[in-house]
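Here the structure is laid out as structure tokens; the discussion comes afterwards.
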């Protein structure tokens with residue numbers, strides 16, 4: 008019951024943000040926030056719009072008597088792009104100053120301010136290799152599994168790890184994930 012009640016409760020906040028903020032343009036749509044479980048991501052093209060959204064969250068939390076968590080790692084601002092940072096700019100949420108971060112993890116995908124996915128790709132490639140070792144242990148190396156079963160295990164254990172989040176970084180060739188693993192010196 009708790010997740011359903013939270014979803015119903017948080018919809019009012021989403022409505023208020025959608026009414027009061029500009030957000031960003033994605034294709035032909037305006038996107039102001041992303042909601043998943045108890046995570047809220049606010050999206051803005053300007054500092055003033057983002058602070059307006061933070062103020063809406065603060066006012067909503069006061070009105071409905073709930074607390075937001077402005078602690079480091081829970082509530083932070085991430086700026087994308089190559090523009091120089093304004094070190095004098097302050098961000099406020101629920102009366103507390105919140106900091107800026109260079110890396111943000113959303114639904115398991117690590118986003119960096121420059122939208123470089125090198126660290127994320129290295130992490131999921133390492134996880135895929137661990138799963139390959141499991142496949143070898145299941146009898147693949149000794150030939151105890153048929154080719155058909157090996158393909159099924161690959162598609163169930165390894166491929167999802169390599170493909171998760173790929174839609175975020177676009178249609179880019181990823182040579183390391185396509186190699187056969189014999190030459191790891193380039194890693």
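Residue numbers (this note's numbering): 8 to 194.
Idealized CB from N, CA, C, for every residue including glycine.
Sequence-distant residues of its chain with Cβ nearer than 7 Å to residue i (five each side left out)
i: residue 21; result: 40 and 42
i: residue 101; result: 65, 68, 75 and 77
Residue i versus residue j - alpha carbon distance
i: residue 137; j: residue 158; result: 17 Å
i: residue 233; j: residue 25; result: Lying outside 8 to 194, the shown extent of the chain, residue 233 is not represented and no answer is given.
i: residue 129; j: residue 173; result: 13 Å
i: residue 153; j: residue 182; result: 27 Å
i: residue 164; j: residue 180; result: 21 Å
Residue i - DSSP class collapsed to helix/strand/coil
i: residue 72; result: coil
i: residue 56; result: helix
i: residue 191; result: With a pLDDT of 45 at residue 191, under the threshold of 50, the predicted position of this residue should be treated as unreliable, though the coordinate-derived value follows. The answer is coil: DSSP assigns residue 191 none of H, G, I, E or B.
i: residue 43; result: strand
i: residue 37; result: strand
Proximal residues to residue i (C-beta, below 6 Å), its chain only, five neighbours per side dropped
i: residue 107; result: 84
i: residue 63; result: 23, 24 and 27
Proximity of residue i and residue j at Cβ, strictly below 7 Å
i: residue 160; j: residue 139; result: no
i: residue 82; j: residue 105; result: yes
i: residue 38; j: residue 50; result: yes
i: residue 133; j: residue 168; result: no
i: residue 111; j: residue 118; result: yes
i: residue 35; j: residue 56; result: no
Beta-ladder partner(s) of residue i, from DSSP
i: residue 110; result: 119
Spatial neighbours of residue i in its chain, beta-carbon cut-off 8 Å, leaving aside the 5 residues before and after
i: residue 58; result: 98 and 99
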